[in-house]
Amino acid sequence: MGLDRELVVRTALRVLNEEGLEGLTLRRIARELEVQAPALYWHFKNKDELLDEMATTMLRDMVGATKRPGARQSWAEFLAETARGLRRMMLSYRDGAKVFSGTRLTDETLYASMDAILRKLVDAGFSLRDAVCGFSTVYNYTVGFTIEEQAVNPLPGQHNEEYDPERRAQRVDGKRFPLALAAGEEMFTKFDDRFERGLKLILGGMEQLLPRGR
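Here the sequence shown stands for residues 37 to 250, numbered as in this note's numbering.
Printed below as a string of structure tokens:
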């Protein structure tokens with residue numbers, strides 16, 4: 037089997053689920069592919085370049101499975117669905133949000149999806165500046181939220197006991213900080229509900245930027 041970028045990236049994504057981001061090394065990937073590590077440098081100069089390609093592949097897969105906004109679908113519904121899809125995509129990989137955060141797209145065709153989102157917002161009445169600000173706020177919220185979520189639940193069915201509310205409660209002085217103590221149940225449980233609540237707050241704020249009557 038010939039070694040190409042696609043094979044390396046797909047193997048890297050599989051290793052990511054097994055080892056996590058810290059255990060993802062070119063040497064580990066090479067062992068999985070049964071080649072010497074230097075063979076990978078023909079395709080990727082370093083791990084950062086590989087991560088860029090992994091994030092691009094993750095997004096390309098998501099975009100390929102996402103419907104374009106329908107004419108009757110509101111801008112808020114479409115932006116919310118985009119955020120949910122992005123979160124699901126990142127959650128499908130161990131440390132997926134960390135891999136995705138701060139990486140650079142290597143496939144220029146993916147900008148078509150961004151253009152479609154911004155077009156939906158501009159057509160709804162947002163200025164381009166507000167459309168970009170709103171979209172990037174939703175995007176950054178989704179990535180940041182998922183990073184924190186995966187710290188608590190690295191993979192479906194897995195739970196980091198350090199984030200158990202009862203264990204956290206032992207470290208918080210409830211008499212001095214009663215609200216901080218009670219916040220544990222909100223911060224480290226019910227992620228689906230909290231994600232939707234946060235998304236609703238952002239979209240509600242964006243609504244205020246629309247010209248009256250739109």
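Think of the CB as a built atom: it goes at the ideal place given N, C-alpha and C, for glycine as much as any other residue. Small disclaimer: the values here were computed from a predicted structure and weren't measured.
For residue j and residue i, believed in contact at Cβ under 8 Å, the rounded distance
i      : j      : result
SER137 : VAL179 : 5 Å
LEU157 : ALA167 : 4 Å
MET223 : THR182 : Wrong, their Cβ atoms sit about 15 Å apart, outside the cutoff.
THR93  : VAL45  : 5 Å
TRP111 : ALA160 : 4 Å
LEU146 : VAL99  : 6 Å
ASP151 : GLY56  : Incorrect: roughly 34 Å between the Cβ atoms, too far for contact.
GLU70  : VAL51  : The Cβ separation is near 13 Å, so there is no contact.
LEU62  : MET90  : Actually they do not touch by this definition, with Cβ atoms about 12 Å apart.
ALA133 : GLN186 : 6 Å
Candidates the options, of which the one nearest residue i by Cα
i      : options                       : result
TRP78  : GLU42, ILE183, ARG233, LYS226 : GLU42
GLY121 : THR142, ALA73, VAL174, GLY220 : VAL174
LEU164 : LEU246, ARG140, ASP228        : LEU246
GLU197 : ARG230, THR225, LEU217        : THR225
GLY220 : PRO192, LEU235, VAL188        : VAL188
ASP97  : ASP143, ALA218, ARG248, ALA66 : ASP143
Close beta carbons around residue i, own chain, < 8 Å, minus the five adjacent residues each side
i      : result
ASP200 : PHE224
GLY170 : LEU115, LEU157, PHE162, ILE238, MET242, LEU245
Cutoff 7 Å; reference residue i; Cβ partners in own chain excluding five residues on either side
i      : result
PHE231 : ARG123, PHE181
PRO192 : none
Continuous alpha helix (DSSP H) assignments of at least 4 residues falling wholly in the stretch 108-190: 111-127, 132-136, 147-160, 164-188
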